[in-house]
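Undergrad: Numbering (the working numbering), first residue to last: 4 to 245.
Next up is a structure, given as structure tokens.
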Ligand SMILES: [Zn+2]
């Protein structure tokens with residue numbers, strides 16, 4: 004039997020065992036590190052991609068979208084092999100390097116929730132979540148979760164809330180590399196759930212105040228008891244061990 008096959012881009016590829024694939028990725032990482040890139044790889048070690056509230060919520064939400072559902076198995080394999088060799092989040096943008104037939108650059112820009120959506124969201128949950136810690140732990144009712152998942156003003160992005168690019172030759176909406184990165188975000192959100200809010204530009208303190216709603220970029224800022232608790236302070240108090 005030939006040990007060559009043609010991939011989905013009609014490029015000849017050698018069949019590799021899992022061990023060979025992992026070794027190939029390890030070598031690639033060494034080269035990238037030697038070229039001066041500070042890698043932040045994402046690797047899946049167990050069966051489940053996510054184990055905590057926000058990681059699971061992100062993963063479950065992705066799995067309801069047909070394009071991602073059909074790529075779940077391959078995305079898991081990419082993550083198990085360590086093919087997402089670098090994933091960084093800055094402001095509302097995710098950038099990643101993914102090892103496929105070649106090394107590909109993936110960029111996913113999250114559209115920030117606009118003022119209307121932010122107000123709708125904050126008003127809907129106003130006074131119903133006790134603290135940032137509870138928010139990050141997912142300690143709130145199913146009613147709040149349905150608001151958080153609302154398709155108009157919820158935290159999970161809809162298709163047109165994302166600008167996605169990958170420089171591979173696959174021109175489908177969701178290539179394997181994009182799917183791997185999107186599922187890799189579940190692991191990131193398990194480690195640090197605040198990132199999901201950062202990507203949509205949602206100020207978490209606006210979601211827990213029971214008295215005044217404070218919106219950024221307005222002149223109506225009102226001092227609230229939660230103003231003194233920054234997100235960084237909250238994160239320090241939060242147990243992010245995985
Ligand atoms: Zn791609």
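Ideal Cβ positions, reconstructed from N, Cα and C, are used throughout, including at glycine.
With contact counted as at least three CB pairs below 8 Å, one residue from each stretch, are the stretch 47-54 and the stretch 151-160 in contact?
TA: The stretch 47-54 is not in contact with the stretch 151-160.
Undergrad: Residue range of the alpha helix (DSSP H) that residue 186 falls in?
TA: Residue 186 -> alpha helix (DSSP H) spans 179-194.
Undergrad: Do residue 187 and residue 139 have their CB atoms nearer than 8 Å?
TA: No, the pair does not count as a contact, with Cβ atoms beyond the cut-off.
Undergrad: State the Cα-Cα distance for the pair residue 236 and residue 21, rounded to the nearest angstrom.
TA: Reliability of the predicted coordinates at residue 236 is poor, the pLDDT of 49 falling under 50, and no value is obtained from them.
Undergrad: Residue 81: beta carbon under 7 Å from a heavy atom of ligand 1?
TA: False, no ligand heavy atom lies under 7 Å from that Cβ.
Undergrad: Would you report the Cα separation of residue 113 and residue 126, rounded to the nearest angstrom?
TA: When rounded, the distance between both Cα atoms is 22 Å.
Undergrad: Starting from the Cα of residue 63, find the closest Cα among 29, 97 and 189 and give me that residue.
TA: Measuring from the Cα of residue 63, the nearest candidate turns out to be 189.
Undergrad: Any heavy atom of ligand 1 within a distance shorter than 7 Å of the CB on residue 84?
TA: For ligand 1, not one heavy atom lies less than 7 Å from the Cβ of residue 84.
Undergrad: Using the Cβ count rule (16 or more neighbours within 10 Å means buried), how would you classify residue 103?
TA: Flag for residue 103 reads buried.
Undergrad: Which residues bound the alpha helix (DSSP H) around residue 80?
TA: First-last of the alpha helix (DSSP H) with residue 80: 75-84.
Undergrad: Closest to residue 133 by CA distance: which of 147, 123, 120 and 83 is it?
TA: The shortest C-alpha separation from residue 133 is found at 147.
Undergrad: Out of 31, 72, 207 and 59, which has the shortest C-alpha to C-alpha gap to residue 136?
TA: Ranking the options by Cα distance to residue 136, first place goes to 207.
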